[in-house]
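Under my numbering, the first residue of the sequence shown is numbered 2, with each subsequent residue one higher.
Cβ atoms here follow ideal geometry from the backbone N, Cα and C, with glycine treated the same way.
Remember, it's a predicted structure, so these values are computed and weren't measured experimentally.
Report on the structure given below.
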Amino acid sequence: METKEKRLVHNTIIFTIGSLGSKFIQFLLVPLYTYTLTASQFGITEILLTAVNLLIPVFSISIADGLLRFGLDKTLRRENVLKSAFIISILGTILSIISIPIFSLYPTLSEWMVYFIIILNLRMYRDVFAIQLKVEGKNTLFACDSMIYTFVLSLASIVFLVPFSLGISGYFFAYIVSNGISIFFILFFGGVWKSFTSGRFEKQLMIQLLKYSAPMILNGIAWWITNASDRFMLQWFMDDRAVGLYGVVAKLPLLIGTFTGVFNQAWIISAVEEFEEENEEWFYQKVFHQYYAALFLSVSVFLLLLQPFMKVYVSPSFYEAWQYAPFLLLSSVVSGIAAFMTGFYVAQKKNLNIIYTTIAGAFANILLNAMFIPMLGVLGASIATFLSWFVIAIYRMKDVENFACFPLDKKVFWYLFLLCIQTITMTFLPILGIVFSVVLIPYFFYQEQEFLAVLFDKGRKKVCSFKKSKR
Numbered sequence: 002m003e004t005k006e007k008r009l010v011h012n013t014i015i016f017t018i019g020s021l022g023s024k025f026i027q028f029l030l031v032p033l034y035t036y037t038l039t040a041s042q043f044g045i046t047e048i049l050l051t052a053v054n055l056l057i058p059v060f061s062i063s064i065a066d067g068l069l070r071f072g073l074d075k076t077l078r079r080e081n082v083l084k085s086a087f088i089i090s091i092l093g094t095i096l097s098i099i100s101i102p103i104f105s106l107y108p109t110l111s112e113w114m115v116y117f118i119i120i121l122n123l124r125m126y127r128d129v130f131a132i133q134l135k136v137e138g139k140n141t142l143f144a145c146d147s148m149i150y151t152f153v154l155s156l157a158s159i160v161f162l163v164p165f166s167l168g169i170s171g172y173f174f175a176y177i178v179s180n181g182i183s184i185f186f187i188l189f190f191g192g193v194w195k196s197f198t199s200g201r202f203e204k205q206l207m208i209q210l211l212k213y214s215a216p217m218i219l220n221g222i223a224w225w226i227t228n229a230s231d232r233f234m235l236q237w238f239m240d241d242r243a244v245g246l247y248g249v250v251a252k253l254p255l256l257i258g259t260f261t262g263v264f265n266q267a268w269i270i271s272a273v274e275e276f277e278e279e280n281e282e283w284f285y286q287k288v289f290h291q292y293y294a295a296l297f298l299s300v301s302v303f304l305l306l307l308q309p310f311m312k313v314y315v316s317p318s319f320y321e322a323w324q325y326a327p328f329l330l331l332s333s334v335v336s337g338i339a340a341f342m343t344g345f346y347v348a349q350k351k352n353l354n355i356i357y358t359t360i361a362g363a364f365a366n367i368l369l370n371a372m373f374i375p376m377l378g379v380l381g382a383s384i385a386t387f388l389s390w391f392v393i394a395i396y397r398m399k400d401v402e403n404f405a406c407f408p409l410d411k412k413v414f415w416y417l418f419l420l421c422i423q424t425i426t427m428t429f430l431p432i433l434g435i436v437f438s439v440v441l442i443p444y445f446f447y448q449e450q451e452f453l454a455v456l457f458d459k460g461r462k463k464v465c466s467f468k469k470s471k472r
């Protein structure tokens, strides 16, 4: 049992080192963007990158998902899996270029088409090559790549936006340079090029990959609708400035999302490796409780500190956006819970279940955005995002409870109810929200004192061990 937990903790730490550092720096770049770009300009960058995120699963056929699952399959040669994934990516590049006339129909993409195509394809290849590092167990190199990518992105953003004052072009230049250098590092310092050249093409394997990955296109699109379609709907119902304001506050859940993201990268690997092992049910329940406890505690504290934080985080012209943040922070909790359930689906290769649940949330998101944005503006988009992720989380929890024999901890629903009250009061009655937060946070800490004590003890032991190793 200790081996299972240690393996999960080890993978989580490695992914955290890479992702937390990189996401934190990206988080810190937001003030730079708010002082060098107008809200409308920032809105345009959000639209283009959102479109990239939509189309990556379409043109790559979500092959990164297949590469991870089949690459971890011990009955297959991972170099051959990579070769097939790369060939599929090449086809995606060709299709993306052929599709330029279609992309040009959208004015924002038409104006920035060259940047759009380059970023789309660089992101597509970087995703595949980075996944190969995970498949080969090179998690430390995966973390290093993430840090290198972020360092280059930060440096390039500062250079292009401040002394050169290139505006939107500088923003996109930074993304192109950082993705290009990242791919170079993964291929030649991460050893992925050697893996690629030693692999051989297997037609049957490629067909299996496509059968697994192709349905995930719908999942990718549905995920995009749930997470990002609100930018396009805000542009449709309002303007680029509204997209820019929303884009800034959408960065606030980034650190929470980083925690859930890196944990779930490690969790999926553990769920696959421990599937059908003895006592896996006890292991899953313990991990889930600690996971959601950390989520609720961190978001509750963040909500209390939100307004003073925003005063120093963004330029005065963006400060009004704070009121749209509470529901987005709340959505990071339910999306984190939904992401945790993905591990069970991947372990049992039930990728269609992932698709069904994500599509349900996507439909909810479209309907709710269409209802709330005309009435509430940017706030409506935030509320719609939370409610759509809530639909996905509930759907997946009940589904997993049925097929994986994973009894749900009912405390999670009580915690969610309390956090909803905190979110609503902080948004509409800030003074009452502060009072409620001051009461709620100690309550959360009291309820989870055993977990926090264990966490503190483990942290203390790690620090002591590190100090001894330095002597």
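Could you give the distance in angstroms between the alpha-carbon of G378 and the alpha-carbon of L235? Here residue 378 is taken as the residue at index 377 of the sequence shown, counted from 1. Here residue 235 is taken as the residue at index 234 of the sequence shown, counted from 1. When rounded, the distance between both Cα atoms is 8 Å.
Considering only residues of the same chain and omitting the five flanking positions on each side of F467, which have a CB-CB separation below 8 Å? By 1-based counting over the sequence shown, the position of residue 467 is 466. Its pLDDT being 46, under 50, F467 is placed unreliably in this model, and the value from its coordinates should be taken loosely. So the list is empty, once near-sequence residues are dropped.
Rounded to the nearest angstrom, how far is the Cβ of I184 from that of F130, given a contact under 8 Å? Translated into the one-based positions of the sequence shown, residue 184 becomes position 183. Translated into the one-based positions of the sequence shown, residue 130 becomes position 129. About 6 Å; that satisfies the 8 Å criterion.
Report the CB separation of N140 from I356 in whole angstroms; it is logged as a contact under 8 Å. In the sequence shown, counting from the first residue as 1, residue 140 sits at position 139. In the sequence shown, counting from the first residue as 1, residue 356 sits at position 355. About 28 Å separates the two Cβ atoms, so there is no contact after all.
Leaving out the 5 sequence neighbours to the left and right, which residues in its chain are closer than 7 Å to Y320 when beta-carbon positions are compared? Within the sequence shown, the letter at position 319 stands for residue 320. Same-chain partners within the cutoff: M311 and K312.
Kindly give me the distance between the Cβ atoms of S389 and N366, rounded to whole angstroms, as I take these residues to be in contact under 8 Å. The residue labelled residue 389 in the question sits at position 388 within the sequence shown. The residue labelled residue 366 in the question sits at position 365 within the sequence shown. With 8 Å as the limit, S389 and N366 qualify as a contact, their Cβ atoms being about 4 Å apart.
Cβ shell of I435 (< 8 Å), same chain only, five flanking positions each side left out: The sequence position of residue 435 within the sequence shown is 434, counting from 1. Contacts found: L305 and M427.
Close beta carbons around A454, own chain, < 6 Å, minus the five adjacent residues each side: Taking the first residue of the sequence shown as position 1, residue 454 is located at position 453. The answer is none, since no qualifying residue turns up.
Measuring only the C-alpha atoms, how far is L298 from L49? Locating residue 298 in the sequence shown gives position 297, counting from the first residue. Locating residue 49 in the sequence shown gives position 48, counting from the first residue. Going by the C-alpha atoms only, they are around 34 Å apart.
Expressed to the nearest angstrom, what Euclidean distance is found between the alpha-carbon atoms of M125 and F418? Taking the first residue of the sequence shown as position 1, residue 125 is located at position 124. Taking the first residue of the sequence shown as position 1, residue 418 is located at position 417. Whole-angstrom Cα-Cα distance: 39 Å.
Does the separation of the CB atoms of F186 and I149 fall below 9 Å? As a working mapping, residue 186 is identified with position 185 in the sequence shown. As a working mapping, residue 149 is identified with position 148 in the sequence shown. Result yes, Cβ atoms of F186 and I149 sit closer than 9 Å.
DSSP state of T39 mapped onto helix, strand, coil: Here residue 39 refers to the residue found at position 38 when the sequence shown is read from its first residue. In the structure shown, T39 sits in coil (DSSP, three-state: anything other than H, G, I, E or B).
Taking a contact to mean a Cβ-Cβ separation below 9 Å, would you say L296 touches G248 in this structure? By one-based count along the sequence shown, residue 296 stands at place 295. By one-based count along the sequence shown, residue 248 stands at place 247. It is not a contact, given that the beta carbons lie outside the stated cut-off.
P216 by DSSP, collapsed to three states: which one? To locate residue 216, count along the sequence shown from 1; it is residue 215. Residue state, collapsed to three classes: helix.
A251 in three-state terms, based on DSSP: Here residue 251 refers to the residue found at position 250 when the sequence shown is read from its first residue. Coil at A251, not helix or strand.
Distance between A223 and I120 (C-alpha atoms, nearest Å): Position 119 of the sequence shown, counted from the first residue, corresponds to residue 120. Position 222 of the sequence shown, counted from the first residue, corresponds to residue 223. Spanning the two alpha carbons is a distance of roughly 21 Å.
In its own chain, which residues sit with a C-beta less than 8 Å from the C-beta of V53, not counting the 5 before and 5 after it? Working through the sequence shown from its first residue, we reach residue 53 at position 52. Contacts found: F117, I120, L121 and R124.
Backbone secondary structure at D128 - three-state DSSP: Residue numbering aside, residue 128 sits at position 127 when the sequence shown is read from its first letter. In the structure shown, D128 sits in a helix (DSSP, three-state: H, G or I).
Roughly how many whole angstroms lie between the Cα atoms of F165 and S63? The sequence position of residue 165 within the sequence shown is 164, counting from 1. The sequence position of residue 63 within the sequence shown is 62, counting from 1. Roughly 37 Å between the two C-alpha positions.
If distances are taken between C-alpha atoms only, which option among W113, K287 and P408 comes closest to T46? As a working mapping, residue 46 is identified with position 45 in the sequence shown. When each option's Cα is compared against that of T46, the closest is W113.
Report the rounded CA-to-CA distance for G258 versus R78, giving the unit in angstroms. Translated into positions along the sequence shown, residue 258 becomes position 257. Translated into positions along the sequence shown, residue 78 becomes position 77. Taking the straight line joining both Cα atoms gives about 33 Å.
Under the three-state reduction of DSSP, which class applies to M2: helix, strand or coil? Along the sequence shown, one-based indexing puts residue 2 at 1. Since pLDDT at M2 reaches only 46, below the 50 mark, its modelled position is unreliable, and no value is offered.
Could you tell me the boundaries of the alpha helix (DSSP H) in which V413 lies? For this step, residue 413 is matched to residue 412 along the sequence shown. Where V413 is concerned, the enclosing alpha helix (DSSP H) stretches over K412 to F429.
Classification of L55 by the beta-carbon crowding that lies within 10 angstroms, buried from 16 upward: The residue labelled residue 55 in the question sits at position 54 within the sequence shown. With 16 or more other Cβ atoms within 10 Å, it is buried.
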